[in-house]
Every structure is written in structure tokens, then in C-alpha cells.
Amino acid sequence: MATRLKLPGLAGELAAEFAGTMILILFGVGVVAQVAAAGIGDHDSIAWAWGLGVTLGVYVAARISGAHLNPAVTIALAVFKGFSWRKVAPYSIAQFLGAFVAALLVRWNYTEVLRAADPGLTIKTQGVFSTLPGNGTLPVGEWGAFRDQIIGTAILLFVILALTDMNNTAPAANLGPVVVGLLVVAIGMAWGTNAGYAINPARDFGPRLASFLTGYETAFRDQTGYLYFWIPIAGPIIGGIVGAGLYQTLIGRFLPTAEPPEPGRVPTPTDQTTVEANRG
Numbered sequence: 214m215a216t217r218l219k220l221p222g223l224a225g226e227l228a229a230e231f232a233g234t235m236i237l238i239l240f241g242v243g244v245v246a247q248v249a250a251a252g253i254g255d256h257d258s259i260a261w262a263w264g265l266g267v268t269l270g271v272y273v274a275a276r277i278s279g280a281h282l283n284p285a286v287t288i289a290l291a292v293f294k295g296f297s298w299r300k301v302a303p304y305s306i307a308q309f310l311g312a313f314v315a316a317l318l319v320r321w322n323y324t325e326v327l328r329a330a331d332p333g334l335t336i337k338t339q340g341v342f343s344t345l346p347g348n349g350t351l352p353v354g355e356w357g358a359f360r361d362q363i364i365g366t367a368i369l370l371f372v373i374l375a376l377t378d379m380n381n382t383a384p385a386a387n388l389g390p391v392v393v394g395l396l397v398v399a400i401g402m403a404w405g406t407n408a409g410y411a412i413n414p415a416r417d418f419g420p421r422l423a424s425f426l427t428g429y430e431t432a433f434r435d436q437t438g439y440l441y442f443w444i445p446i447a448g449p450i451i452g453g454i455v456g457a458g459l460y461q462t463l464i465g466r467f468l469p470t471a472e473p474p475e476p477g478r479v480p481t482p483t484d485q486t487t488v489e490a491n492r493g
């Protein structure tokens with residue numbers, strides 16, 4: 214008799230989203246604190262640590278919740294992949310809380326180093342926790358950052374759907390989290406200039422709130438004083454829907470499904486297995 218798996222329930226899924234997002238932010242915000250405040254590392258170490266954080270966070274949560282770790286992912290899956298809309302808000306809240314708690318831990322651990330580098334807790338180290346247009350120094354405006362977040366998150370969701378679509382060439386065995394992590398490394402290396410590649414509302418708002426509550430009075434504003442916090446929330450949500458929609462339009466609807474091979478076509482081993490399974 215086959216063993217029936219016991220599903221974790223919503224509480225378990227939310228705990229997994231909280232834990233997975235917390236792991237992601239511990240590595241991501243932690244590496245930025247180390248680079249910006251202590252001068253250890255550079256842009257490449259930031260990109261790699263964020264990517265590894267995604268990989269490890271996905272390994273933590275994937276079996277239980279699917280490891281969305283990002284409200285933009287959750288919303289896009291609800292729009293295009295049938296994910297339950299009643300879970301969207303709880304998942305998003307769990308992700309925000311995971312990011313918030315992780316940022317508090319980083320803030321606490323790097324207290325001395327942050328104070329030494331920036332005694333006033335100003336815009337100089339604010340970017341440790343949250344993103345800024347042009348990373349706080351380059352000539353990029355708020356709307357340029359908004360555009361950037363839409364494009365960057367669209368790339369993220371387009372490729373994530375390709376990597377997780379079992380009708381496509383999904384990574385074999387348990388390598389999916391590694392490849393998704395490499396995707397984030399690539400986005401960081403290619404799309405990090407204009408807005409710091411937040412591409413995740415929870416990743417930005419959770420640490421932003423944590424920094425505000427621990428002394429960063431300008432946390433919700435950018436270097437010009439503009440109330441910037443909404444851009445890394447709205448931009449990724451729009452971009453995620455755009456990217457997932459483009460994947461479904463350009464790739465997903467054309468992928469072969471589990472049907473018998475076309476008459477006259479030499480079947481592949483996969484085709485033959487499918488045919489035999491349909492007969493049985």
C-alpha cells in the first residue's frame with residue numbers, strides 16, 4: 214500500500230515562507246553590511262551572496278511551501294498558475310516578516326561597524342538595508358528606478374517559470390534552487406545599477422522598516438528626499454505579472470504536453486513511456 218503524504222497546512226506553509234525569506238535576507242543584507250560598512254568585499258561578492266541566499270532559502274522552504282520568498286512571485290503564480298488567491302496575503306505577510314526579522318538580526322550584529330562607518334545612520338549606509346535609485350549616488354531618477362524594477366522582475370519571473378515548468382527543460386533532480394540562485398546572481402551583475410535590483414517587495418520593505426525602527430530616520434526616502442519606498446513594492450509586482458504573462462504567451466502555451474507522439478514521428482524514450490502509461 215502506498216504511503217499517503219500528510220500536507221503541512223497553511224500554518225506550515227507560512228512558517229516555511231518566513232524561514233526561507235529570513236535565510237535569504239540574512240545572507241543578502243548581511244553581505245551588503247559587510248561591504249558597505251566594513252569595506253570587506255565588492256559588488257561581485259554582493260551579487261554572489263544574494264544568489265546563494267536565494268538558493269539556500271529555496272532549499273529551506275521548497276518542500277513545504279514552494280519557496281516563493283517574494284510577493285511578486287506569489288502574485289504572479291496566482292494570476293497565471295492557479296495558486297490560491299486566499300493564500301496570497303498570508304504568504305506575502307510571512308515573507309515581509311521573515312525579511313524584517315532577518316534585517317533586525319543583521320542590524321544588531323553590525324551595530325558597531327555601522328556606527329563607526331556612519332555615526333548619524335544616514336543615507337551613506339541606508340542602502341545596506343533597502344534600495345535607492347542609482348544606489349544613492351548615480352544620476353537615476355525615481356521613474357528610472359521604477360522602470361528598472363519592472364524590467365528586472367519581469368526577467369526574474371519569466372525565467373523562474375521556465376525553470377519550474379515540468380513541460381519545459383526543468384533542472385534535473387534537486388538542482389532547481391541552484392539555477393534560480395544563479396539567475397539572481399546574473400540579474401545582480403547585469404541589472405543592479407539603476408535601483409539595486411530589489412525585485413522583491415518583501416526584500417526591500419522588511420529591511421527598510423527594520424532600519425527605520427532602529428535609527429535610520431530617512432529610511433523611507435531616497436537621497437533627494439522623495440518618498441521612495443513604494444517603488445520597490447509596486448515595480449516588482451507589476452514586473453512579475455508582466456514577466457509571467459510573457460512566458461505564458463511566448464513559451465508556455467506552445468510546450469508539448471503528455472500526449473501520444475504525432476503519427477509518423479519516431480518517439481523519444483519519454484514519448485514511449487507516456488504512451489505506455491496512457492495505455493495502462
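Numbering-wise (my numbering), the sequence shown opens with residue 214 and increments by one.
Don't be surprised by glycine CBs; every beta carbon is placed ideally from N, CA and C.
This one's a predicted model, so the numbers in the text were calculated from it and none came from an experiment.
Under 8 Å between C-beta atoms of Leu265 and Gly347: no
The region 273-289 in contact with the region 344-361 per 3-pair CB rule at 8 Å: no
Secondary structure of Leu376, DSSP reduced to three states: helix
Cβ neighbours of Glu489 in the same chain (closer than 6 Å, five flanking residues each side left out): Low local confidence applies: a pLDDT of 43 at Glu489 is under 50, so the model's placement there is unreliable, and no value is given.
Assigned exposure category for Glu230 - 16 Cβ within 10 Å defines buried: buried
Contact check, Thr234 vs Ala415, beta carbons under 8 Å: yes
Delimiting residues of the alpha helix (DSSP H) encompassing Ile253: Ile253 -> no alpha helix (DSSP H), and no H or E assigned at all.
Where Leu227 sits in the DSSP three-state scheme: helix
Helix, strand or coil at Leu345 according to DSSP, with G and I counted as helix: coil
Gly456 beta carbon less than 8 Å from that of Tyr410: no
Residues of its chain near Ile253, where Cβ-Cβ distance is below 7 Å and the 5 sequence neighbours each way are ignored: Gln247
For Leu396 and Trp404, the rounded distance between their alpha carbons: 11 Å
Reference Phe371, options Leu327, Gly453, Ile277 and Pro303, closest by Cα: Gly453
Beta-carbon proximity of Asp435 to Leu334, cut-off 8 Å: no
Element boundaries [alpha helix (DSSP H), containing Thr287]: Pro284 to Phe293
Contact set for Val271: own chain, Cβ-Cβ below 8 Å, skip 5 residues either direction: Gly233, Ala280, Leu282, Gly389, Pro390, Val393 and Gly394
Unbroken alpha helix (DSSP H) run spanning Gln339, endpoints: Ile336 to Gln339
Option in Leu426, Pro303, Phe467 and Thr377 with minimal Cα separation from Leu223: Pro303
CB of Ile238 within 8 Å of CB of Gly419, strictly: yes
Beta-carbon proximity list for Arg421, same chain, < 7 Å, skipping 5 on both sides: Phe342, Ser343, Ala432, Phe433 and Phe442
Option in Gly401, Asp331, Ile236 and Thr406 with minimal Cα separation from Ala312: Ile236
Extent of the continuous alpha helix (DSSP H) to which Val393 belongs: Gly389 to Ala403
Sequence-distant residues of the same chain with beta carbon closer than 6 Å to Leu310, five excluded per side: Phe231
For Tyr429 and Gln339, believed in contact at Cβ under 8 Å, the rounded distance: 5 Å
C-alpha distance - Ile400 paired with Ala329, whole-angstrom precision: 31 Å
Through-space distance from Leu351 to Gly438, alpha-carbon basis: 15 Å
Alpha carbon of Ala367 to alpha carbon of Gly465, nearest angstrom: 15 Å
Coil, strand or helix - Leu468 by DSSP: coil
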